[in-house]
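Below is one structure, written out as structure tokens, with a few remarks after it.
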Amino acid sequence: MDAIQRKITETKQLAKDLRQWQINVDVANDLALKLLRDYSADDTRKVHMITENINASWASIHKRVSERETALEETHRLLQQFPLDLEKFLAWLTEAETTANVLQDATHKERLLEDSKGVRELMKQWQDLQGEIEAHTDIYHNLDENGQKILRSLEGSDDAVLLQRRLDNMNFKWSELRKKSLNIRSHLEASSDQWKRLHLSLQELLVWLQLKDDELSRQAPIGGDFPAVQKQNDIHRAFKRELKTKEPVIMSTLETVRIFLTEQPLEGLEKLYQEPRELPPEEKAQNVTRLLRKQAEEVNTEWEKLNLHSADWQRKIDEALERLQELQEATDELDLKLRQAEVIKGSWQPVGDLLIDSLQDHLEKVKALRGEIAPLKENVSHVNDLARQLTTLGIQLSPYNLSTLEDLNTRWKFLQVAVEDRIRQLHEAHRDFGPASQHFLSTSVQGPWERAISPNKVPYYINHETQTTCWDHPKMTELYQSLADLNNVRFSAYRTAMKLRRLQKALCLDLLSLSAACDALDQHNLKQNDQPMDILQIINCLTTIYDRLEQEHNNLVNVPLCVDMCLNWLLNVYDTGRTGRIRVLSFKTGIISLCKAHLEDKYRYLFKQVASSTGFCDQRRLGLLLHDSIQIPRQLGEVASFGGSNIEPSVRSCFQFANNKPEIEAALFLDWMRLEPQSMVWLPVLHRVAAAETAKHQAKCNICKECPIIGFRYRSLKHFNYDICQSCFFSGRVAKGHKMHYPMVEYCTPTTSGEDVRDFAKVLKNKFRTKRYFAKHPRMGYLPVQTVLEGDNMETPVTLINFWPVDSAPASSPQLSHDDTHSRIEHYASRLAEMENSSGSYLNDSISPNESIDDEHLLIQHYCQSLNQDSPLSQPRSPAQILISLESEERGELERILADLEEENRNLQAEYDRLKEQHEHKGLSPLPSPPEMMPTSPQSPRDAELIAEAKLLRQHKGRLEARMQILEDHNKQLESQLHRLRQLLEQPQAEAKVNGTTVSSPSTSLQRSDSSQPMLLRVVGSQTSESMGEEDLLSPPQDSSTGLEEVMEQLNNSFPSSRGRNTPGKPMREDTM
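Residue numbering for the sequence shown follows the working numbering, starting at 5 and increasing by one per position.
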């Protein structure tokens, strides 16, 4: 009782809460109606469906709560009323038993049947008793059913045992009362007209049985939903109770007839049976017997038939109830799950309103939802199977069930379609707008340009105005065109550095610190330097870098433009074929080389990338680093001045510096890099260019008269108080009386008074030195490497192709493979240099052979001399001549091979014709054409061998032809190189005529027109760089008879002008940019 009371209280509280929430439901309905009314012209099916679902769910909840509340109250009332009803019924049973006992005693009195009045009085009393029994039959059945329910709820308790006893007592008394009533009737009917009463009773039973059978038939068919079948079950249960109540009467009547027919003699039957006409006595008795027996058999048959019909109908009802209940439970479960999924679907925002960064997260959530609703397919199939099973049982589902099934199937299909559409839309959005789509980079170009992506994710650019496409970003093309303005800088190291500085600023890498770059690289786990990076990885890393720069320099960094430009530059440098992949080491080298950091910090970081776990680096790893580094000037077309693309001499120079150790450590590498090797001199020059940009020197340019000098300042160490600005120095302009080969010192920061005094002392010393002194002490501002110039254009930026695969290491031996034409050219050039060195044809007596061999520019000069000589040489004097000789030899060999192949082909054709004739002569099927012949045929092994050999020869022929084409292409390249050298030879002569100067030698002209670095020599430990050019070696002798008066006069004129510049100066080379 207490538990039922608690449940009733909870249910009432829930009903109260529902009444409060009714306001919110009404508000939601009003809003939905407003939306449907305001947007009637749009597709509002989704809003309408959601509203209907909400209202249906709300009504279902209300209905269930109300039904549960009613059931709980009924149960509570039943528990309260049952004991009272049971006590009342038991009291009536006691009174009815007393009345039945009195009547039973009265019917057993002797001579009772002779007293017809007494019999009628007893019959009336019996009828009253039987009426009370029938009136209490429903009460009895209700008490029995309710008692059984209460017993099941009290199972296992002491109350259940007590109640069971009382119910058993009630059933026993009820059964005894009915038996006594039937016994009383049988005695009262035992009179002279008994067979007539039996006849009437049987007729009444037959009519009743027919009525009940018709009533049972009308209960069909089975209802189409659970409530209807439940109602049919209740009706049939009442029907069964009637049958159970009538069963004792029928059985008693049949038993009475049987006893009557057995006990009554024929004489008695004759008296009882009176016909209108006289019949023989025996026939009369037989008619009575036949009539009663026939009616009794009919009653018995109809009774059994009715019971079977009722049992069959009950079985159908029970089965239908079970199936319909299972169907209802399955539909309720499916409806609940669909509603949960629809709530999630209803919370989806339009794809266009989602943030790009959240697309992947939303996609994962929708995929997870798809996985969660996948089992619903089994639920839907189960519901449909249950519905089909009911149809096969002859149960026609109600319209409500049919509409529910249709609604569930429709919602399931809509949910599937919605999820798939959502995934497709998110996929498309993620593809078109997500991080992997490069969509955010589309804003890096403006009309008429459009950014497009190739299948391997490499970007390219479409100009819709000219209907053209190109690999380079429009801004990158403009940048390259602007770099052409720097081609008037005569010295390639500075020209390259200034181009890289402009590129560095355009890419905003001058804002990137080394620590920020390292953080971005670590964030993307770029630790395997040999692993390739695809375009998306490069973009993601660059985006991280530039996002951080944008936070620090909001107005200076345009992230999409910078990412696209930097990607374009990296691909131009390291992926000219646009394969869509570069190595991690190449990416790091490019970014770190142009970032803002101390020069030695860059060296340490790059060395660490190629060093082993022990901190040492071998030749192969160093070659990889130098190869990736040299690609940066190579992309600008400046690689020739830095030793060419072959980094083997640079690797050899580094390890020779380390006394040919098998591995070097970071300290030795830094010491070697401080010497500024020729292949890497562009990087420190880049740092000096960056440091000089903001430098302001309180001095006046003696050529253009600029004051103050901004940028580099070049002070002459041959003349007092003689300065040149960087513009005049880079363009080669000189003032009257000053030559470009005069020694000069470079400043990238303002000078100090100590530097002024030191430079004055050097000028004073140089006044008394002749050119012969400088010829004996030639010095360069970098560490040269012995290599050969390439024929690349040194003025315009072009994209070059790697001459050895990225994944292979450069050869560490001078014995290069002859399959690599570039390597062969350099190998022959080295041999040429050795022959010239051994002959000594170009060595000056005052210059040591070692010094000359180390000077690449002298090698270039004497190449030019050999080109200008008209006398034939007994041996080749240039790489071109060597290659031409090699090409002629290979051409002859190729022609001989081709002739042999043609002869072999003719022999093969003749052999084939002969075999074909023999084959036809024997009457066999014609031979197939040679391309169709099976080379493995066991019938013609000779033919198979010949065809295989011919195929190999054709392949070899193709390889030789391709090789000859390569040789021809490189021959054209060498001709271009030779033409370039002739231009370099002729250009200084024309300039000398214009300037009124005398050309002393081709060496002087070439050095002045283009050198790896201007004629500067850095003094270790000082903050300046001295300039002692090789032109001093061949310039006219200096007049050493200058008087002391002239020196003192120059001294007095020089120092007053430097007093204003005696401010604390910064170091000449800033390590950061």
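All C-beta atoms in this analysis are idealised placements derived from N, C-alpha and C, irrespective of residue type, glycine included.
Asked	Found
Exposure of W25, with buried meaning 16 or more beta-carbon neighbours within 10 Å	exposed
Segments assigned alpha helix (DSSP H), at least 4 residues, entirely inside the segment 197–267	198–222, 230–267
Spatial neighbours of L956 in its chain, beta-carbon cut-off 6 Å, leaving aside the 5 residues before and after	none
Which listed residue (C752, M537, D551) has its alpha carbon closest to that of R582	M537
Under the three-state DSSP convention, the category K771 falls into	helix
Continuous beta strand (DSSP E) stretch holding V749: start and end	748–751
CA-to-CA distance, I595 to D514, given in whole angstroms	10 Å
For Y718: DSSP bridge partner residues	I728, E750
C658 in three-state terms, based on DSSP	helix
N- and C-terminal bounds of the alpha helix (DSSP H) containing T141	141–157
Inter-residue Cα distance where the pair is I636 and A378	55 Å
Entirely enclosed alpha helix (DSSP H) segments - the segment 520–573, minimum 4 residues	539–556
Three-way DSSP call (helix, strand, coil) for T335 in this model	helix
Beta-carbon proximity of K503 to L565, cut-off 8 Å	no
Runs of beta strand (DSSP E) lying entirely within the segment 429–483, each at least 3 residues, in chain order	453–457, 463–467, 472–474
Beta-bridge partners of I713, as assigned by DSSP	H701
C512 burial status per 10 Å Cβ neighbour count (16 or more: buried)	buried
Which residues DSSP lists as bridging R392, in chain order	Answer by DSSP bridge pairing: none, since R392 is not bridged.
Candidates V567, I54, L574, of which the one nearest S351 by Cα	I54
Spatial distance of E915 from E899 (CA atoms)	24 Å
Buried/exposed call for N576, threshold 16 Cβ in 10 Å	buried
Other residues of its chain near K11: CB distance less than 7 Å, five sequence neighbours each side excluded	L76
Cα-Cα separation, N57 to D30	14 Å
CA-to-CA distance, C599 to H742, given in whole angstroms	38 Å
Between the CA atoms of N491 and F772 - distance to the nearest angstrom	37 Å
Own chain partners of E840 with C-beta closer than 6 Å, once the 5 adjacent residues on each side are dropped	Confidence is the limiting factor: at E840 the pLDDT is only 43, short of 50, which leaves the residue's position unreliable, though a coordinate-based value still follows. No residues qualify anywhere along the chain.
Start-to-end residues for the beta strand (DSSP E) that takes in R494	Here R494 belongs to no beta strand (DSSP E), and DSSP marks it neither H nor E.
N-terminal and C-terminal residue of the alpha helix (DSSP H) that R582 is part of	First-last for R582: undefined, no H or E at that position.
Outcome for F724 when other beta-carbon atoms lying within 10 angstroms are tallied against a minimum of 16	buried
contact_flag[the segment 635–649, the segment 700–713] where n(CB pairs < 8 Å) is 3 or more	no
Beta bridge counterpart(s) of K600 as assigned by DSSP	S517
Three-state secondary structure assigned by DSSP to E680	coil
C621 - partner residues in DSSP beta bridges	I668
Which listed residue (H631, Q535, R624) has its alpha carbon closest to that of V588	Q535
Classification of V421 by the beta-carbon crowding that lies within 10 angstroms, buried from 16 upward	exposed
Three-state class that DSSP yields for L1010 in the structure shown	Note that L1010 has pLDDT 30, beneath the 50 cutoff, so the model's placement of it is unreliable and no number is given.
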